[in-house]
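Read through the structure below, which is laid out as structure tokens, and then see the notes.
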Amino acid sequence: MDIKRNDETPFSVELKFHVLVVGDPPVEHAVRMCFTKHFESIDLFCTDSGTTAFDSFSKKTPDLIVLDMESRRTHALKFLSAFFKSGEQCNIIAIAEKPSIEDVVKCVRMGVNEFIAANPNSQKLRECLSGFFLKWEKKKNGAIFQADQQNTFDLHNIISGCPQMQVVMDIVQKIIKRPVVTVLLQGETGTGKEVIARCLHYGTHKNETSPFVEVNCSAIPENLLEAELFGYEKGAFTDAKFSKKGLFELADGGTLFLDEIGDMHLLLQAKLLKAIEEKKIRRLGGLKDISVNTRIIAATNADLEKLVENSSFRKDLYYRLSVINIYLPLLQERGEDILELAKFFLEKHSATYALPVRKLSPAAEQFIQQYDWPGNVRELQYVIERVVVLGESTVIELAELKSALCIKEQDIQKQHKTANGWERAIGIPRGGLSLKDSEMYLIAEILKMTKGNKTHASKILGISRPRLNRKIEEYSISLG
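Residue numbers for the sequence shown follow the working numbering, so the first one is 5 and each next one is one higher.
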């Protein structure tokens with residue numbers, strides 16, 4: 005991931021379970037005993053006065069209120085009345101060993117969640133308190149995860165100093181301000197499509213716990229992908245022992261990230277298009293449509309326009325997905341970002357393995373900037389991780405990088421030769437060539453020299469790989 009670390013949390017996460025007890029010491033003692041194992045996570049306030057209890061709300065609205073209806077009935081009822089008139093919301097447990105039916109009905113009508121007809125030391129109270137705590141803990145953990153993701157994928161943390169990435173980030177910022185239904189991310193493997201997808205999601209859903217659901221369309225067999233996306237009803241097929249929500253439903257209110265969309269089967273593409281346009285899905289074996297409010301972000305390393313021409317991808321789906329089309333540049337095209345990314349990964353992996361941060365030697369820095377990185381950002385990250393784990397000295401030398409990349413000295417020399425120009429003459433046919441034919445001939449010759457390696461060819465020609473692909477297609481140049 006090409007992101008910088010930021011230790012600031014975008015929104016606060018409450019780490020204490022606040023409990024208010026309105027009652028006598030026996031109830032207070034029973035509540036304390038129930039939370040003995042979770043003492044550090046509990047903030048307990050006890051009072052025998054309804055007025056004092058209500059005054060405590062000016063400081064903090066509790067997550068749970070326990071009312072002693074046995075010995076503090078009058079105070080409890082007055083408190084309940086004032087509480088619900090205030091518009092505050094909170095889970096409430098009322099307890100009395102021998103309550104009257106009138107009190108139970110009154111409490112339930114006023115909004116009490118649980119009325120326990122037992123003494124304070126009963127198992128039922130312990131189970132009830134534990135249940136509310138576990139629900140809160142699950143919610144807290146979700147909020148902590150959301151806060152961490154918000155921080156990790158904050159736009160301001162993206163390393164984007166080069167012009168190509170600045171263009172990408174400008175588009176992303178506009179989409180966040182004016183959310184659209186679909187976005188198409190294009191770029192080679194390892195360029196950071198998932199990172200941008202998550203930035204779009206968490207930038208749009210700030211301070212919310214909206215789901216981000218991802219699926220790799222090429223990793224799931226064709227016959228299973230439809231059931232994964234749309235879900236199924238019990239009995240829809242032989243192994244459908246129960247009903248199951250699909251990824252569209254799980255991502256409702258959030259984002260569904262469809263990676264490698266170019267590998268999706270044509271028949272399923274038609275169903276996907278209908279779901280996007282109608283914002284409705286139908287489970288396999290289902291009889292009714294289910295409304296979903298799900299944003300689709302699709303990603304691919306394939307040339308979808310070419311797939312459309314070859315009838316391997318639906319034209320209407322392509323147009324629907326590419327309302328906003330973002331191309332992510334190759335790592336070799338990102339210039340000044342490359343070294344900054346390497347240093348970021350050094351800090352990140354050093355922290356992960358609790359190791360001191362090592363420095364790059366000048367030769368290592370130069371190599372990192374000149375190497376073509378066919379695996380893009382992902383390859384750079386894994387190479388740096390290997391160097392961090394296996395290194396011992398305080399300085400990372402060039403030899404370590406070569407070893408981590410598993411490349412030989414002659415390969416390095418070939419890299420430098422490619423970067424600095426090939427020492428080979430390219431013959432011109434007799435009779436000369438027009439400017440257009442010269443360009444076609446030059447591209448074809450360079451591709452022959454590099455044995456069809458587009459990455460090397462594009463570097464020699466001084467153009468981006470996507471532009472080289474367009475030229476190859478324009479001139480119908482064979483790579484065979």
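Glycine is no exception: its CB is placed at the ideal position from the N, C-alpha and C atoms.
Buried or exposed by the 16-neighbour rule on C-beta atoms within 10 Å, applied to residue i
i      : result
Pro360 : exposed
Ile105 : exposed
Gly196 : buried
Met37  : exposed
Lys89  : exposed
Gly191 : buried
Lys139 : exposed
Ala274 : exposed
Pro124 : buried
Ile280 : buried
Glu337 : buried
Arg113 : exposed
Tyr206 : buried
Asp263 : buried
Phe241 : exposed
Phe87  : buried
Cys410 : exposed
Arg318 : buried
Leu308 : buried
Ala303 : buried
His79  : buried
Asn314 : exposed
Pro29  : exposed
His420 : Note that His420 scores a pLDDT of 47, beneath 50, so its modelled location is shaky; the value from the coordinates is reported in the next line. The residue is exposed, with fewer than 16 neighbouring Cβ atoms inside 10 Å.
His160 : exposed
Val176 : buried
Phe246 : exposed
Cβ distance (whole Å) where residue i is taken to contact residue j below 8 Å
i      : j      : result
Val116 : Ile99  : That belief does not hold up - the Cβ atoms of Val116 and Ile99 are roughly 10 Å apart, past 8 Å.
Gly239 : Glu253 : Going by Cβ atoms, the distance from Gly239 to Glu253 rounds to 18 Å, so no, they are not a contact pair.
Leu288 : Glu230 : 7 Å
Leu334 : Glu369 : Not a contact, Cβ separation roughly 19 Å.
Gly266 : Ala306 : 4 Å
Leu402 : Ala367 : 4 Å
Glu218 : Phe261 : 4 Å
His460 : Asp376 : 7 Å
Ala122 : Glu101 : 6 Å
Leu276 : Leu311 : At roughly 15 Å, the Cβ-Cβ gap does not stay under 8 Å, so Leu276 and Leu311 are not in contact.
Arg487 : Lys458 : There is no way to answer for residue 487, as the model of the chain reaches only from 5 to 484.
Ile163 : Met173 : That belief does not hold up - the Cβ atoms of Ile163 and Met173 are roughly 10 Å apart, past 8 Å.
Thr398 : Lys363 : 7 Å
Within-8 Å CB hit, residue i to chain D
i      : result
Ala358 : Checking the listed chains, one finds no chain D in this structure; it contains a single protein chain.
Cβ-Cβ distance between residue i and residue j below 8 Å
i      : j      : result
Ile180 : Leu204 : yes
Val184 : Val327 : yes
Val35  : Leu48  : yes
Tyr445 : Val393 : no
Cys50  : Leu84  : no
Ile481 : Ile447 : yes
Asn380 : Gly194 : yes
Leu271 : Leu251 : no
Ile200 : Ile69  : no
Leu350 : Ile388 : yes
Val23  : Asp67  : yes
Cys132 : Glu118 : yes
Ile450 : Leu439 : no
Thr186 : Arg324 : yes
Thr56  : Cys94  : no
Gly395 : Glu404 : yes
Phe136 : His42  : no
Thr259 : Ile285 : no
So does the segment 165-179 actually touch the segment 73-83, counting three or more Cβ pairs closer than 8 Å? Touching, no.
With a floor of 3 residues, list each beta strand (DSSP E) that falls wholly inside the segment 318-403, ordered by position along the chain. 329-331
Taking the runs of the beta strand (DSSP E) that are 3 residues or longer, which of them lie wholly in the segment 195-230? If we require 3 residues or more, the beta strand (DSSP E) runs fully inside the segment 195-230 come out as 216-220.
Which runs of the alpha helix (DSSP H), 4 residues or longer, sit entirely within the segment 33-106? For the alpha helix (DSSP H) assignment, the uninterrupted runs of no fewer than 4 residues enclosed by the segment 33-106 are, from N- to C-terminal side, 54-59, 77-89.
Under 8 Å, with one C-beta from each stretch per pair, do the segment 294-311 and the segment 254-270 reach the 3-pair mark? yes
Please go through the segment 248-302 and give each complete beta strand (DSSP E) segment of 3 or more residues, from N-terminal end onward. 259-263
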